[in-house]
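Working notes, beginning with the structure itself.
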Amino acid sequence: MSTFPDLVARIRYVLVRTSHPGNIGSAARAIRTMGFQRLELVSPARFPDREADALAAGADEVLATAGIHVGLVDSLAGCNLVLGLSARRRGVKLPEISPREAAAQALAAVARGEQVALVFGNERTGLENDELARCHAMVRIPSVDDFSSLNLAQAVQVMAYELRVRMLGDNAPVAVPVREEVPADAAQMEQFYLHLAQMLEDIDFHKGREPTTIMLRLRKLFQRAQPDARELRVLHGILADAQRMASVSREDDERP
Ligand code: SAH
6 MSTFPDLVAR
16 IRYVLVRTSH
26 PGNIGSAARA
36 IRTMGFQRLE
46 LVSPARFPDR
56 EADALAAGAD
66 EVLATAGIHV
76 GLVDSLAGCN
86 LVLGLSARRR
96 GVKLPEISPR
106 EAAAQALAAV
116 ARGEQVALVF
126 GNERTGLEND
136 ELARCHAMVR
146 IPSVDDFSSL
156 NLAQAVQVMA
166 YELRVRMLGD
176 NAPVAVPVRE
186 EVPADAAQME
196 QFYLHLAQML
206 EDIDFHKGRE
216 PTTIMLRLRK
226 LFQRAQPDAR
236 ELRVLHGILA
246 DAQRMASVSR
256 EDDERP
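Laid out in structure tokens, this is it:
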């Protein structure tokens, strides 16, 4: 049994397009030794498979409960933080962090009640750009430049180890912060952006300019802030008041 059941349940290891079933077994063993349980497989070449069972070396339950998905997006359902492991930088501009920083970020997120995915690529090709584009950050194990690629299951082990160390050191069960508000979900954020856009129209903020760029910039700002539902209610209140004032001022202007 895991020492940190609540935290562990919110962390999933996602293996994308794995070629060798032996690596799936070894990865299952790697995560099980560090107290984790949840494995998600995206389009594995062969699974279930005898080689996976053999290399899992008793981590049978991890394999038995592994989710199998057609696409990466399905495997990430409900995740608030997605970290992609990659040996080398790709075309996608993402913040690059170490496994240690990744562990700190992941555990801060799960302590707030969020769900986290650690995503690992195919043995030969790694994570594709469109897969990395779904990640919030890229995690690079600091290997040497001229031989940077670890075996898949060993990369899983390094990440799982860093999470385990961090849990034992800084996140003992008693020290887990009381559950704070979770960040608003995508639908709530969308509703807020709609209201914000409407309010900017009402106060004639754009003055004939094209609103797309400024709206993207504002989205970036509020995404970074990760407001919770209560904070969004305050923002909605401010927007509604601004709209009310704009309409009062319009009525004044229209009065003869
Ligand atoms: N040639 C591929 C290597 C894939 S190794 C590439 O350059 O990406 C299979 C997977 O193991 C990778 O997709 C990644 O998730 C993980 N991995 C291997 N070496 C890594 C490293 N140094 N840092 C982070 N992840 C690594």
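In the working numbering, the protein residues as written are 6 to 261. Each residue gets a CB set at the ideal place from its N, CA and C atoms; glycine is no exception.
The alpha-carbon of Gly118 is positioned some 30 Å away from that of Arg94. Comparing alpha-carbon positions, the option among Gln110, Val149, Thr130, Phe125 lying closest to Val161 turns out to be Phe125. The nearest non-hydrogen atom of the ligand SAH is less than 6 Å from the C-beta of Arg93. Closest in alpha carbon position to Ala113, among Arg171, Gln248, Glu236, is Arg171. A Cβ-Cβ separation of about 5 Å places Leu132 in contact with Ser91 under the 8 Å criterion. For His241 and Gly72, the gap between their C-alpha atoms comes out near 39 Å. The region 144 to 151 and the region 39 to 49 do not touch, with fewer than 3 CB-CB distances between them shorter than 8 Å.
The Cβ atoms of Ala59 and Ala33 lie no closer than 7 Å to each other. The C-beta separation of Cys140 from Leu88 comes to about 6 Å, placing the pair in contact by the 8 Å criterion. Scanning its chain for C-beta atoms nearer than 7 Å, with the 5 sequence neighbours on each side dropped, one finds around Gly76 the residues Val47, in chain order. For Asn156 and Glu195, the gap between their C-alpha atoms comes out near 40 Å. Inter-residue distance for Met204 and Asp258 is about 18 Å (C-alpha atoms, whole angstroms). Secondary structure within the region 27 to 52: the beta strand (DSSP E) runs of 3 or more consecutive residues, fully enclosed, are 43 to 47 (chain order). Taking Ala108 as the centre and dropping the five residues before and after it, the same chain places the C-beta of Glu167, Leu168, Arg171 closer than 6 Å to its C-beta, in chain order. Looking at the backbone, the Cα of Tyr198 and that of Arg15 are separated by about 28 Å. Listed in chain order, the non-local C-beta contacts of Arg235 below 8 Å within the same chain comprise Glu186, local neighbours out to five positions each way being set aside.
Per DSSP, reduced to three states, the secondary structure at Leu86 is strand.
Beta-carbon to beta-carbon, Pro26 and Phe52 are separated by about 6 Å, close enough to satisfy the 8 Å threshold. Short note on Leu77: C-beta not closer than 6 Å to any heavy atom of the ligand SAH. Nearest Cα to Ala64 within the set Glu45, Asp54, Ala35, Ala82: Ala35. Excluding the 5 residues flanking it on each side, Asn28 has same chain C-beta neighbours closer than 6 Å at Leu157, Ala158, in chain order.
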